[in-house]
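Colleague: The structure under discussion is supplied below as C-alpha cells; questions concerning it will follow.
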C-alpha cells in the first residue's frame with residue numbers, strides 16, 4: 188500500500204545507528220581519540236559531564252563523550268542511565284571540603300586571606316586570542332610544554348588544608364547563624380522531589396543541573412530579576428579525599444578522591460525582625476572543574492533561601508521554577524520527544540478546531 | 354435571636370511577639386509595631402457581634418487593622434488567637450476550628466467578599482460571566498445553561514447589561530468592576546457579605562450609585578454585612594452600628610448615630626470633627 | 393582501564409531496589425484511584441518523553457511467563473514501538489511478545505487504548521507527559537496538591553465554561569480531564585477522547601507512569617472514570633462524519649467504529665484509516 192508512509196521499523200533504526208556511527212569514524216586513516224586524551228585535553232568538557240552525569244567516574248564520563256561525539260547532554264544521559272542499574276551498596280559519611288587538595292583558591296572579598304590566594308589554572312586573566320600555533324601542534328612540542336611546566340614547579344609542598352574565609356567572617360559575627368541540621372541529607376536519586384523541598388534536595392538538584400540552565404537562571408537573578416548581589420567569599424577547586432565505611436570494621440577509610448569545584452558567596456543581609464543584621468550565605472559545589480556552575484549554584488541557593496523566607500518575588504527565588512527546570516537530562520529528553528509521531532493527538536486537535544470553525548459566526552465574537 | 358456572627362478576641366500579629374507587645378502597642382501607644390521586638394500587632398483582640406440583616410461599619414485609617422479583620426473572617430488570613438462563631442442556618446460553627454476544606458465551603462457558599470482592588474476579587478483572565486460561574490461551579494452547579502441564566506440575572510440585578518457578560522473585566526470601568534464583584538459575591542445567595550473599601554478610588558457619582566445598590570440589595574435580600582471603610586460618608590449612609598479601630602485596637606463601638614453625634618473616644622471625636 | 397561488566401545489564405535493567413520501590417508506589421496508586429503518587433523516577437536508556445515512566449512500571453512488573461505488547465500511536469510497528477520492544481527483548485529475555493492485544497498480559501502504550509478493549513487480568517501501562525490536569529489553571533505544585541486533596545476542580549470547570557463561551561465547543565481535544573470515582577481528576581495521558589470512556593468501569597487495570605514528572609497513578613478495574621462536562625453539554629468523542637453525515641469507514645479495513653488517522657495517499661487525496669494497526673490488519677485479513 189502506497190500510503191503507509193512514515194512507518195519505520197527495526198531495519199530503519201539499525202540503519203540510523205549505523206549512519207550515526209559513521210559520523211564518528213568517517214575520518215579514515217586517523218587514529219581514534221583515546222579515552223585518556225578526552226579526560227586531559229578536553230578537561231572542561233569532561234568536567235561538565237562529571238557534574239551533570241550524577242556519577243563520579245572519570246573514565247566512563249570520557250567514554251560517554253567519545254561515544255556521543257562530545258554531546259554533554261547525551262553523555263551525561265548515558266551516565267545517568269548506567270547509574271540506574273547500579274545498586275546502592277553504602278553511604279559515605281558527611282565530608283568536609285577543608286581537607287581538599289587544592290589546585291586553585293581565590294577570594295573576591297579580601298585581598299589577603301589566611302593561606303593566601305592561589306590563582307591556579309584559569310583563563311580568567313588571559314586574552315581570549317586564538318593560538319594558531321596549536322592548529323598543527325607536533326607530539327614533540329606537546330610533550331615539551333608539559334616537561335617545561337613541571338621543571339619550573341616549586342619543590343615545597345602545599346599545606347594539607349587551608350582555613351575557610353567563611354570561618355573568619357563567622358568568628359567576627361558577620362554571618363547569619365548557621366542552622367545545624369540533624370536530618371539526613373535528602374537523596375534526590377532515591378526519593379521523589381516534592382514541594383516544599385528541603386535545602387539539601389535543592390542543593391543536590393542544582394549540583395547535577397545542566398551548566399547552561401543553572402547559569403541562565405542565576406544570571407536572571409544577577410542582572411535584574413532578583414537582588415542577591417553576591418560577593419565570592421571563596422572559590423576552591425581541588426581534590427577531596429573520599430572516605431567510606433570499611434566493609435568489616437565500619438570505620439571510615441579513604442578510598443579515593445574526587446575533583447570538585449566549591450563556591451561560597453555572601454550577600455548583603457536581609458532584615459529579619461528581632462535579629463541583628465548579618466550576611467547571608469549561598470553555597471555551590473559540583474564534581475569536576477566547573478567554576479561558572481559552582482558560582483551560579485551558590486547564587487541560586489541564596490535566592491532560594493530568600494524566597495523560602497519571604498515568598499518568591501522573582502523566578503530565581505521560586506523553588507519549583509528553578510529546581511524543576513535545571514536538569515539537562517529531563518529537559519533535553521522532553522525536547523527530543525517532540526520529534527516522535529503525534530498523529531493521534533493531532534487528529535484530535537483537528538477534530539476540535541474544525542468543530543469550533545463550524546460554529547455559526549455570532550458564537551465566535 | 355442569635356447573632357449571625359459572634360467574634361471574640363480576634364488577634365493577628367506578624368512577628369514572634371514579646372512580653373512587652375501588649376503594653377507598647379495599641380491606640381494609647383499610638384503604634385501597632387512593638388518597639389521592643391518589632392512585631393506588628395495588626396489586630397489586638399477584636400470582639401463584636403453582627404445581627405441578622407444588619408450592616409456593621411468598621412471605620413479607621415490605614416494601619417488600623419480593619420482590613421485584616423475582614424480578611425480573617427473570609428479566611429484570607431489566619432488569626433493568631435480568638436474565635437468567631439457563624440450561625441449557619443441555626444447551627445453555630447466555630448470558624449477557626451474548621452479544616453481547610455470546610456473553611457473553603459463556608460467561604461464559597463455562605464460568605465461573599467468584595468475587595469477594594471477588583472484584581473483581588475476577580476479573575477481578569479476570564480469573562481465577567483466566568484467569574485460568576487466559578488462560584489457556582491465551586492458549589493457543584495453543573496448545568497451550563499442554568500449557570501448562564503444565573504450569571505445573566507445577577508449582572509442585570511447589579512446594573513450590568515447581560516449582553517456584556519462574555520467580556521473580560523478588563524474592558525469595564527472601575528465602578529462596573531465593583532458591580533461584577535458584587536454579582537459574583539451574591540452568586541450562591543450567601544447570608545453574609547464582607548465589603549472592604551469597595552467605593553474607594555471611584556468617582557463620587559459612581560460611589561453613590563454603588564452605595565445605593567448595596568443598600569437596595571441588603572433590604573431586598575435581608576443580607577448581613579460587614580463594611581470596612583475609612584470614609585465617614587459610607588458609614589453614615591450604610592451602617593446601623595459602627596466599630597472604630599486605631600492601631601489594631603477597637604476603641605469604640607455602638608449605634609452609628611450615637612457615634613457620629615456623641616463620640617466618646619478622643620480619636621473618634623477627632624475623626625468626626627475632621628469629617629464635618 | 394575500563395572493564396566491560398560480565399553481563400552488562402541485569403534482568404529488567406533497573407536494580408532490584410528500584411523495581412521494588414516502583415511496585416510499592418504502584419500499589420499505593422491502585423489503592424487510591426486517581427491519586428498521583430510521587431516516586432524517584434530513574435533515568436532510563438531512553439530519553440525523557442519517550443515513555444520512561446511507562447517503561448519503569450513495565451520493567452518492575454514483567455517477569456517470566458508474561459506476554460507483552462507495545463503500542464505507539466496505535467501502531468505496533470512505529471519506530472518508537474519497535475525500539476521499546478527491542479529494549480524489552482534485551483532486558484527481559486524470557487518474556488513473550490505479541491501484537492494481539494487480547495493475548496498480552498501487559499501492554500505498554502502511548503496515546504491509545506487498543507480498539508478490541510481490555511479483559512480481566514490485563515494491565516495497560518500508559519505513558520504520561522503531563523500528569524497533573526490542574527497545571528493549566530495553577531502553576532504552583534504545592535497549591536495543586538491542596539486543590540486535589542479537597543477535590544477543588546472549579547477552575548478546571550471554568551475553563552470548560554469559557555471554552556463554550558468563546559468557541560461554542562469544549563476545545564480540549566485529548567488529555568481530557570477525567571474524574572476518578574468521584575474524587576481525583578486525572579490527566580488520562582494524551583489518549584483521544586474516543587478512548588476515555590474505555591477507562592470507565594473497565595475489566596482491566598490502567599497504570600499511568602510519568603517519568604520526567606515522577607508520578608504514578610492508576611485507574612483500577614470497576615472504577616468510575618467520568619470526563620468533566622456539564623449536565624446539558626455532555627462530553628463528546630471525536631466524530632468522523634463526512635459531508636453527508638455518514639460515519640467514515642477506514643479506507644483499509646472498512647471499520648466504522650475505530651479511531652481514524654487522517655493521511656494523504658500517494659495521489660494527495662485525504663484518506664482515513666484505523667490508528668490501531670493490529671486491529672486494522674486483522675480485520676483486513678478476515679475480509680480476504
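Residue numbers (the working numbering), protein chains in the order written: chain P, 188 to 552; chain D, 354 to 629; chain S, 393 to 680. Using N, Cα and C, we set each Cβ at its ideal position, and we do this for glycine too.
Count the other C-beta atoms from every protein chain shown that fall within 10 angstroms of the C-beta of residue 464(D), then say buried if there are 16 or more, exposed otherwise.
Modeller: Walking along the second chain from the start, residue 464(D) turns up at place 111. Buried, since its Cβ has 16 or more Cβ neighbours within 10 Å.
Colleague: How close, in whole Å, do the beta carbons of residue 664(S) and residue 632(S) come, if the pair is a contact with beta carbons under 8 Å?
Modeller: If you number the third chain from 1, residue 664(S) lands on position 272. If you number the third chain from 1, residue 632(S) lands on position 240. Rounded, the Cβ-Cβ distance is 6 Å, consistent with contact.
Colleague: Run through DSSP, which three-state label would residue 624(D) get?
Modeller: As a working mapping, residue 624(D) is identified with position 271 in the second chain. In this structure, residue 624(D) counts as helix in the three-state DSSP scheme.
Colleague: At least one CB of chain S closer than 8 Å to the CB of residue 498(P): is that the case?
Modeller: Residue numbering aside, residue 498(P) sits at position 311 when the first chain is read from its first letter. Chain S, which has no Cβ nearer than 8 Å to the Cβ of residue 498(P), makes this no.
Colleague: Please report the residue range of the alpha helix (DSSP H) in which residue 469(S) lies.
Modeller: As a first step, residue 469(S) is located in the third chain; it is residue number 77 there, counting from the start. Careful: residue 469(S) lies outside any alpha helix (DSSP H) and carries neither H nor E.
Colleague: So which residues on chain S does residue 487(D) lean against when the C-beta distance must stay under 9 Å?
Modeller: Counting from 1 along the second chain, the entry for residue 487(D) is found at position 134. Simply 546, 547, 549, 550, 553.
Colleague: Pick helix, strand or coil for residue 634(S), following the three-state DSSP scheme.
Modeller: As a first step, residue 634(S) is located in the third chain; it is residue number 242 there, counting from the start. Coil, per DSSP.
Colleague: Given a threshold of 16 other Cβ atoms within 10 Å of its Cβ, counted over all protein chains shown, does residue 541(S) qualify as buried or as exposed?
Modeller: Looking up residue 541(S) in the third chain gives position 149. By the neighbour-count rule (16 or more Cβ atoms within 10 Å), residue 541(S) is not buried but exposed.
Colleague: Going along chain D, which residues have a C-beta under 7 Å from residue 526(S)?
Modeller: As a position in the third chain, residue 526(S) is number 134, starting the count at 1. The contacting residues do not exist; residue 526(S) stays about 14 Å from chain D at best.
Colleague: Here's the rule: buried if 16 or more other CB atoms are within 10 angstroms of the residue's CB, otherwise exposed. What is residue 472(S)?
Modeller: Position 80 of the third chain, counting from 1, holds the residue named residue 472(S). Burial call: buried.
Colleague: Under 7 Å between beta-carbons, which chain D residues line up against residue 556(S)? List them in chain order, please.
Modeller: Here the question's residue 556(S) lines up with position 164 in the third chain. Per Cβ cutoff of 7 Å: 497.
Colleague: Does at least one heavy atom of the ligand COA sit under 7 Å from the Cβ of residue 512(D)?
Modeller: What this structure holds is no ligand at all, so the ligand COA is not there to describe.
Colleague: Consider the Cβ of residue 309(D): report whether some Cβ of chain S lies at a distance smaller than 8 Å.
Modeller: Only positions 354 to 629 of chain D appear in this structure, which leaves residue 309(D) out of reach.
Colleague: Is the shortest distance between the beta-carbon of residue 480(D) and the beta-carbons of chain S less than 8 Å?
Modeller: In the second chain, residue 480(D) corresponds to position 127, counting from 1. So, interface residue.
Colleague: For residue 407(S), go through chain P and note every residue whose CB falls closer than 9 Å to its CB, in chain order.
Modeller: The sequence position of residue 407(S) within the third chain is 15, counting from 1. Here the neighbours are 271, 272, 273, 274, 275.
Colleague: For residue 607(S), name the three-state secondary structure that DSSP assigns.
Modeller: On the third chain, position 215 is the one that residue 607(S) refers to. If DSSP states are grouped into helix, strand and coil, residue 607(S) belongs with the strands.
Colleague: Would you mind telling me which residues of chain P sit closer than 7 Å to residue 455(S), beta carbon to beta carbon, in chain order?
Modeller: As a working note, residue 455(S) is residue 63 in the third chain. Result: empty, since nearest Cβ-Cβ is about 18 Å, beyond 7 Å.
Colleague: Compare the C-beta of residue 457(D) against all C-beta atoms of chain S and say whether one is closer than 8 Å.
Modeller: Translated into positions along the second chain, residue 457(D) becomes position 104. Closer than 8 Å: yes.
Colleague: Between the C-alpha atoms of residue 588(D) and residue 374(D), what's the straight-line distance to the nearest angstrom?
Modeller: Position 235 of the second chain, counted from the first residue, corresponds to residue 588(D). Position 21 of the second chain, counted from the first residue, corresponds to residue 374(D). In a straight line, the C-alpha of residue 588(D) is about 31 Å away from that of residue 374(D).
Colleague: Going along the chain, which residues of the region 596 to 624 of chain S sit with their C-beta nearer than 7 Å to a C-beta in chain D?
Modeller: Within the region 596 to 624 of chain S, the residues whose Cβ lies closer than 7 Å to some Cβ of chain D are 622, 623, 624, listed in chain order.
Colleague: Mark residue 611(S) as exposed unless 16 or more other C-beta atoms lie within 10 angstroms of its C-beta, in which case mark it buried.
Modeller: To locate residue 611(S), count along the third chain from 1; it is residue 219. With 16 or more other Cβ atoms within 10 Å, it is buried.
Colleague: Kindly confirm or deny that the region 505 to 520 of chain S and the region 416 to 430 of chain S touch, where touching means at least three C-beta pairs closer than 8 Å.
Modeller: No, because fewer than three Cβ pairs between the region 505 to 520 of chain S and the region 416 to 430 of chain S fall closer than 8 Å, the two stretches do not touch.
Colleague: Determine which residues of the region 361 to 382 of chain P have a Cβ less than 9 Å from any Cβ of chain S, and write them out in chain order.
Modeller: Residues 374, 375, 376, 377, 378, 379, 380, 381, 382.
Colleague: Please check the pair residue 458(S) and residue 487(S), which I expect to be a contact at CB under 8 Å, by giving their CB distance rounded to whole angstroms.
Modeller: Residue mapping note: residue 458(S) aligns to position 66 of the third chain, counting from 1. Residue mapping note: residue 487(S) aligns to position 95 of the third chain, counting from 1. About 5 Å; that satisfies the 8 Å criterion.
Colleague: What residue from 514(S), 630(S), 637(S) has the CA that sits closest to residue 651(S)'s CA?
Modeller: Residue 651(S) sits at position 259 when you count from the first residue of the third chain. Answer by Cα proximity: 630(S).
Colleague: So if I threshold CB-CB distances at 7 Å, which residues from the region 577 to 591 of chain S count as touching chain A?
Modeller: Among the protein chains in the structure shown, which are P, D and S, there is no chain A.
Colleague: Please classify residue 586(S) as buried or exposed, where buried requires at least 16 neighbouring CB atoms within 10 angstroms.
Modeller: Taking the first residue of the third chain as 1, we reach residue 586(S) at position 194. Buried, because 16 or more other Cβ atoms sit within 10 Å of the Cβ of residue 586(S).
Colleague: With DSSP as the reference, please indicate the residues paired to residue 426(P) in a beta bridge.
Modeller: In the first chain, counting from the first residue as 1, residue 426(P) sits at position 239. DSSP lists 288(P), 446(P) as partners of residue 426(P).
Colleague: Just verifying my parser: in three-state terms, what is the DSSP assignment at residue 223(P)?
Modeller: Counting from 1 along the first chain, the entry for residue 223(P) is found at position 36. DSSP places residue 223(P) in helix when its eight states are reduced to three.
Colleague: Can you list, in chain order, the stretches of the alpha helix (DSSP H) that have 4 or more residues and sit fully within the region 558 to 602 of chain S?
Modeller: Correct list: empty.
Colleague: Apart from the five residues just before and just after residue 444(P), which ones in its own chain have a Cβ nearer than 8 Å to its Cβ?
Modeller: Sequence index remark: in the first chain, residue 444(P) carries index 257 (1-based). Only 288, 426, 427, 428, 429 meet the Cβ criterion.
Colleague: First and last residue of the beta strand (DSSP E) that includes residue 496(P)?
Modeller: Along the first chain, one-based indexing puts residue 496(P) at 309. Counting along the chain, residue 496(P) falls outside any beta strand (DSSP E), though it belongs to the alpha helix (DSSP H) covering 478 to 497.
Colleague: Measuring only the C-alpha atoms, how far is residue 473(P) from residue 449(P)?
Modeller: Indexing the first chain from 1 puts residue 473(P) at position 286. Indexing the first chain from 1 puts residue 449(P) at position 262. Distance between the alpha carbons of residue 473(P) and residue 449(P): 7 Å.
Colleague: Please state whether the Cβ-Cβ distance between residue 520(S) and residue 548(S) is less than 8 Å.
Modeller: Start at 1 with the first residue of the third chain, and residue 520(S) comes out as number 128. Start at 1 with the first residue of the third chain, and residue 548(S) comes out as number 156. No, the Cβ-Cβ distance between residue 520(S) and residue 548(S) is not below 8 Å.
Colleague: Measure the C-alpha to C-alpha separation of residue 469(D) and residue 416(D) and round it to an integer number of angstroms.
Modeller: Numbered from its first residue, the second chain carries residue 469(D) at position 116. Numbered from its first residue, the second chain carries residue 416(D) at position 63. In a straight line, the C-alpha of residue 469(D) is about 15 Å away from that of residue 416(D).
Colleague: In whole angstroms, what separates the C-alpha of residue 239(P) from that of residue 524(P)?
Modeller: Residue numbering aside, residue 239(P) sits at position 52 when the first chain is read from its first letter. Residue numbering aside, residue 524(P) sits at position 337 when the first chain is read from its first letter. Straight-line Cα distance between these residues: approximately 20 Å.
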